[in-house]
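K.L.:
Residue numbers (the working numbering): 9 to 279. Think of the CB as a built atom: it goes at the ideal place given N, C-alpha and C, for glycine as much as any other residue. Only a predicted model underlies this, so the values are computations on that prediction, with no experimental measurement involved. Below: one structure in structure tokens.
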Amino acid sequence: MAKRAIEDTVVAVRGGGDLATGTVQKLVHAGFRVVIIETSVPLMIRRTVSLGSAVLDGQATVEDMTAVLTTEKNLEKVWENNQIPVIIDPDCELISKFNPQILVDAILAKKNIGTKRSMAPITIALGPGFRAPQDVNAIVETMRGHNLARLIFDGEPLANTGIPGVIAGKSFERVIHAPASGKVQYIHQIGDQVLKGEALFTIDQTRVLSPLTGTLRGLIAEGAMVKKGLKIADVDPRANINCYCISDKARAIGGGVLEAALMLGHRYHLF
Numbered sequence: 009m010a011k012r013a014i015e016d017t018v019v020a021v022r023g024g025g026d027l028a029t030g031t032v033q034k035l036v037h038a039g040f041r042v043v044i045i046e047t048s049v050p051l052m053i054r055r056t057v058s059l060g061s062a063v064l065d066g067q068a069t070v071e072d073m074t075a076v077l078t079t080e081k082n083l084e085k086v087w088e089n090n091q092i093p094v095i096i097d098p099d100c101e102l103i104s105k106f107n108p109q110i111l112v113d114a115i116l117a118k119k120n121i122g123t124k125r126s127m128a129p130i131t132i133a134l135g136p137g138f139r140a141p142q143d144v145n146a147i148v149e150t151m152r153g154h155n156l157a158r159l160i161f162d163g164e165p166l167a168n169t170g171i172p173g174v175i176a177g178k179s180f181e182r183v184i185h186a187p188a189s190g191k192v193q194y195i196h197q198i199g200d201q202v203l204k205g206e207a208l209f210t211i212d213q214t215r216v217l218s219p220l221t222g223t224l225r226g227l228i229a230e231g232a233m234v235k236k237g238l239k240i241a242d243v244d245p246r247a248n249i250n251c252y253c254i255s256d257k258a259r260a261i262g263g264g265v266l267e268a269a270l271m272l273g274h275r276y277h278l279f
């Protein structure tokens, strides 16, 4: 494997949600050339801290990073503008066009939906659904607790419990799943202070009420067509939290990905 400078090393990140965005920031700050690979209809709810929002808005800025929707033909141009390219390629059919040296699966689907070690010289995955070294070279633990961001080179991360993390004593209560199928129309925006029982948005004619008093931290894109049961919003029981900065969890996981990229890059003489 030929050595190259970090500045010439391309990292493809599958997914542009909030944890993926924390990962992208660490990689960009270290000097890697990052491209985000998304679906045509991203379903992230923490959109104000998700660079994948560029798919719907054309451009997204989170802290010191700006991502723009583009194609695989224009990656160099976007990088030259000190921006992060986002391309729509859910099945990774286009990666042969730019041959990333590192691929990170940051979809957080709780299962492997197509990432293989053959996709890049170095492959890294976030969270459950993968086994190292069979599926990827390394896995970054995503479960909160003592092992958050720990690197796994042989084995699997902790299994998905299906239980949302506890914030101010609230877990299940703060997450909203679609009570019906239909089109989302806003009443409130991310960052609004809301009361328990207050209408947050509608799905067609169904009013969706806040389960808690607190801050509306996550909300799926307006106009999205959702299916009953889909996770579509998140109310933080804390008041006036910052909904526009990358979270502590995302920064920790991003640091784990950067550690794995550098460690494996040196081990395999990539740079």
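Along the chain, where does the beta strand (DSSP E) containing M215 start, and where does it finish?
P.N.:
Before going further, note that residue 215 is Arg rather than Met in the sequence given. First-last of the beta strand (DSSP E) with R215: T214 to L217.
K.L.:
Only counting the same chain, and skipping five residues up and downstream in sequence, which positions put a Cβ closer than 7 angstroms to that of T31?
P.N.:
Answer for T31: V21, V112, A114, I261, G262 and V265, listed in chain order.
K.L.:
Just to confirm, are F209 and T17 a CB contact at a threshold of 8 angstroms?
P.N.:
Contact flag unset, no.
K.L.:
Taking the CB atoms as reference points, tell me whether V144 and R158 lie closer together than 8 angstroms.
P.N.:
No, Cβ-Cβ distance for V144 and R158 is not below 8 angstroms.
K.L.:
Among the candidates G273, T223 and I240, whose CA atom is the shortest distance from the CA of L251?
P.N.:
A small correction: the amino acid at residue 251 is Cys; Leu does not occupy that position in the sequence shown. C251 has its Cα closest to that of T223, out of G273, T223 and I240.
K.L.:
By how many angstroms is the C-alpha of I160 removed from the C-alpha of G153?
P.N.:
Taking the straight line from one Cα to the other gives about 15 angstroms.
K.L.:
At the level of alpha carbons, what is the spacing between V148 and A133?
P.N.:
One C-alpha to the other measures close to 6 angstroms.
K.L.:
Expressed to the nearest angstrom, what Euclidean distance is found between the alpha-carbon atoms of L51 and L64?
P.N.:
Each residue's Cα considered, the two are about 11 angstroms apart.
K.L.:
Identify which residue in I14, A13 and K34 has its Cα closest to the Cα of L254.
P.N.:
Reading off the sequence shown, one finds Ile at residue 254, where the question assumed Leu. Ranking I14, A13 and K34 by Cα distance to I254 puts K34 first.
K.L.:
Using the three-state DSSP reduction, which class does A20 fall into: helix, strand or coil?
P.N.:
It is a strand residue.
K.L.:
Which class does I261 belong to by DSSP, given the choice of helix, strand or coil?
P.N.:
Looking at I261 - three-state DSSP - the assignment turns out to be helix.
K.L.:
Given this structure, state the Cα-to-Cα distance separating I45 from A188, to the nearest angstrom.
P.N.:
Near 29 angstroms, if we compare the C-alpha coordinates of A188 and I45.
K.L.:
Roughly how many angstroms lie between the CA atoms of R41 and E101, to the nearest whole one?
P.N.:
C-alpha separation (whole angstroms): 19 angstroms.
K.L.:
Our contact map puts L116 next to L227 with C-beta atoms below 8 angstroms; I'd like the distance itself, whole angstroms only.
P.N.:
The pair is not a contact, with the Cβ atoms about 18 angstroms apart (cut-off 8 angstroms).
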